[in-house]
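Here is the structure we will look at.
Residue numbers (full-length UniProt numbering): 1 to 596.
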């Protein structure tokens, strides 16, 4: 059964208690967003997620999207839900007020995104991709394009997409063939085929603004010859209303493993009119502005699905009666005890819970940095925030989606045979979660980005934004008897991360394959340490609250228990990651390709 209640108390904890010492807060530009106001926004977002979007999740999965005479129809109820969502201002939550947005902190936006993804991840893609597209347009488009397109996109009246992948090229965008031919009026004629375009066609908005990567006739080879173009589905009239069709057609919609209520399209551009966004042949720079925004959001998708899977598993574990507790009968009036009494079920539930709370804590930390990068008036803070975001973006995308998929699988395991049956609803979480490990750059690509680009950048400067606070926390609390083995475990894991960093730096300079072989394990190790740091801080806060007396003793006791589980059962994986990194590439690369 798909059940969901927004985890508002934990969200408030990571927003208001956990990261107050990170140096990214107290931003004058965001002073109006008081905790009371933020709480009210999150509570209302929770209602929308639970009451409007969740009821459409399974029905949308069953019905899916359909293509009829070149028009894509979304599942029953999606249009009405989108209209309500748009009219409520949820599309414009974090956008700049200059374009009609509400200008809320990214901290609030990301928590709202999590709730929407928990309730209905397919629905989340429609407004989510539009927000990413507006980020690229705002950062690189001409003032004329901004003035004309952003207000309608920010409001949700028009939507946006990103069109990168072609049938013959995915990650290697240097191979793309879509052409852009310049016209006398300054526009371009775009021709080519794109695949895997999320929300590429739908019946929710009156126009769709495609951001398309293409190559001009005089473009150099490879990624250095790619430009970015704004191509609307309908050419707008001067009054801003949609005009004639612009040569954008849907060849097919993909029949997918999951996210079936999200229209993933094959699009053809037949001399479609488009306008250059940014500088000629520099399209990747502009597109990566959107992609980096989307990569954090995709990580949040993993977190949202992990939370929904956890809550559904908890509900079932309390309801399902099977066997008796190993420590004695717990339900004497029933034929059996609920399965939540069994240690292995507890192992699965606690793993899911720790995954979710750890990822949410990291998400809040990164979101605070996003706000500081945008709004801080202190150059040092802005630079440190930017460095931290650059380092952690691939970690958020890959770690959160890996763990979200793990949690979805554990939920099915908790249900047993019933979990494998569609009627339970939890198998949908597995199917929906799987794509997040692939799109916006596969998790393997994220790991290569981390070790190949982020670690060596500026002589390792990005690492300092993460390593310094962790090191300082360990040093300040290593003698704290109340935290005990938590600090010891964190110190060992952090030491493994430092040694792994040195190993990769040393071996990778001589042999890039050594860095590539270590990449995935290194990203996981970085994520484990980041979660451990957040859990240690959370435990310190919880102990202080419990010692001082609090009306919320149950919440802080649960926080402390989850932290202990993390250090006992999950953080030890850091040792395995370190040993794998240390082993090098030999056993991975020595077998001849013909022997596989």
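Beta carbons are placed, not taken as given, at the ideal position from N, Cα and C, and that holds for glycine.
Residues of the same chain with a CB within less than 6 Å of the CB of residue 567, apart from the 5 flanking positions on each side, are 486, 489 in chain order.
Here DSSP, grouped into helix, strand and coil, assigns residue 72 to strand. DSSP, read as helix, strand or coil, puts residue 166 in strand.
Take the alpha-carbon of residue 426 and the one of residue 233: they are about 36 Å apart. A direct Cα-to-Cα measurement between residue 433 and residue 221 gives close to 36 Å.
No Cβ-Cβ contact shorter than 8 Å links residue 197 with residue 169. Nearest C-alpha to residue 205 among 161, 247, 18, 227: 161. Assignment of residue 326 by DSSP, reduced to helix, strand and coil, places it in the coil class.
Counting C-beta atoms within 10 angstroms of its own C-beta, residue 569 has fewer than 16 neighbours from the protein chains shown and is therefore classed as exposed. The shortest CA-to-CA distance from residue 581 to any of 526, 535, 592, 559 is the one to 526. When the beta-carbon positions are compared, residue 339 and residue 366 stay at least 8 Å from each other. Secondary structure of residue 246 (DSSP, three-state): coil. About 16 Å separates the beta carbon of residue 323 from that of residue 333, a gap too long to meet the 8 Å contact definition. Using a Cβ distance threshold of 8 Å, residue 246 and residue 193 do not count as a contacting pair.
Residues of the same chain with a CB within less than 7 Å of the CB of residue 571, apart from the 5 flanking positions on each side, are 489, 493, 528, 532 in chain order.
If the five residues before and after residue 276 are omitted, its C-beta is found closer than 7 Å to the C-beta atoms of 188, 227, 229, all from its own chain and listed in chain order.
Counted as a single uninterrupted DSSP element, the beta strand (DSSP E) harbouring residue 264 occupies residues 264 to 277. Under the 10 Å beta carbon count, residue 596 is surrounded by fewer than 16 other beta carbons and is classified as exposed. The DSSP-derived three-state label of residue 66 is strand. Within the DSSP secondary-structure output, residue 193 pairs in a beta bridge with 268. The DSSP assignment places no complete run of the alpha helix (DSSP H) inside the region 379 to 403 (cut-off: 4 residues). Contact between the region 538 to 548 and the region 413 to 421 is absent: fewer than 3 CB-CB pairs across the two stretches fall below 8 Å. Here residue 107 is actually not in contact with residue 54; their C-beta atoms are around 23 Å apart, not less than 8 Å. Contact annotation: residue 436 and residue 311 have beta-carbon atoms that are not nearer than 8 Å. Residue 180 is bridged by DSSP to 190. Distance from residue 112 to residue 93 at the Cβ level is roughly 6 Å; contact confirmed, criterion being Cβ atoms closer than 8 Å.
Within 10 angstroms of the beta-carbon of residue 61 lie 16 or more other beta-carbons, which makes it buried.
Annotation for residue 471: 494 place their beta carbon closer than 8 Å to its own, counting only its chain and skipping 5 residues before and after.
Given a length threshold of 4 residues, each whole run of the alpha helix (DSSP H) inside the region 465 to 546 is given here in chain order: 485 to 510.
Looking at the backbone, the Cα of residue 399 and that of residue 523 are separated by about 8 Å. With contacts defined as CB atoms closer than 8 Å, residue 461 and residue 387 qualify as a contacting pair. Within the same chain, Cβ atoms closer than 7 Å to the Cβ of residue 253 are found at 65, 67, 72, 263, 264, 265, the five residues on either side in sequence being excluded. By the CB criterion at 8 Å, residue 243 and residue 235 fall inside the cutoff.
With contacts defined by Cβ atoms closer than 8 Å, residue 360 and residue 14 form a contacting pair. When the Cα atoms are used, residue 17 and residue 539 turn out to be separated by approximately 12 Å. Only buried fits residue 213, as 16 or more other CB atoms lie within 10 angstroms of its CB.
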